[in-house]
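Reading through the structure tokens given below for one structure.
In mature numbering (1 follows the signal peptide of the UniProt record, and there is no 0), the protein residues as written are -22 to -1, 1 to 185.
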């Protein structure tokens, strides 16, 4: 093999290594160091843990279960299935000693990503019908009970003008969660909802 071809092959291999490392950075540690998020196999931050500082579409190769999480910085959405699918849970800076604290249904976490646009102004418009039809209300603050402002228990479309928001299935920020980032959602299926029920909504803020 000529020197020129060898150098080209080396560059290609190095590029792939960097891409893989950037997509999902993390390592097992037995002692804590400062990163953005830690996943622990056992409750109360016990057992082996995995640190992550970027979007990761597949976590199952790093741990088999997740019973506690510590968020050092940033806002995150973690998913029950790989490739950002399945039930989602929004986590901001703090400690979650068991999966009930993030309203999880089990100890399965298979992917995660950072939530952008968590500072500054927050604005969202919600609509009673698909394609931005029917009654519309614009929110710039959290709403623990959407029925106090919205005559219908269902939201069929939404437009996030600023920031990132979470829709909750029930009032007082309970039930299934759905992250909405900046953009248009013409139907509830576009934010991952199986039904259009929205009982409360909240801004995602990283202080």
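Virtual Cβ for every residue (Gly too), placed ideally from N, Cα, C.
Because the structure is a prediction, the values reported are computed rather than measured.
> If you check the beta carbons only, do residue 32 and residue 49 fall under 8 Å apart?
Replying inline: no
>> Under 8 Å: do the stretch 97 to 106 and the stretch 53 to 62 share three or more Cβ pairs, one atom per stretch?
In response: no
>> Spatial neighbours of residue 160 within its chain, please: C-beta separation below 8 Å, excluding the five flanking residues on both sides.
In response: 95, 138, 139, 140, 141 and 142
> From residue 19 to residue 91, what does the alpha carbon distance come to, in whole angstroms?
Replying inline: 19 Å
> When burial is assigned at 16 or more other CB atoms within 10 Å of the CB, is residue 111 buried or exposed?
Replying inline: exposed
> Per DSSP, which one or two residues make a beta bridge with residue 16?
Replying inline: 29 and 48
> Any beta-carbon of chain E closer than 8 Å to the one on residue 157?
Replying inline: No chain E appears in the structure shown, which is made up of a single protein chain.
>> Could you tell me the alpha carbon to alpha carbon distance between residue 165 and residue 77, rounded to whole angstroms?
In response: 30 Å
> Can you tell me the Cα-Cα spacing of residue 163 and residue 21, whole angstroms?
Replying inline: 37 Å
>> Tell me the rounded alpha-carbon separation between residue 17 and residue 63.
In response: 18 Å
>> Within a Cβ cutoff of 8 Å, which residues of the same chain sit near residue 89, ignoring the five residues on either side of it in sequence?
In response: 34, 35, 36, 37, 56, 57, 59, 60, 61, 62 and 63
> Where does the unbroken beta strand (DSSP E) through residue 39 begin, and where does it stop?
Replying inline: That residue, residue 39, is in no beta strand (DSSP E); it is neither H nor E in DSSP.
>> Quick check: what's the CA-CA separation for residue 99 versus residue 118?
In response: 8 Å
> Whole beta strand (DSSP E) runs in the stretch 91 to 149 with 3 or more residues, listed along the chain?
Replying inline: 101 to 107, 111 to 117, 135 to 140 and 143 to 148
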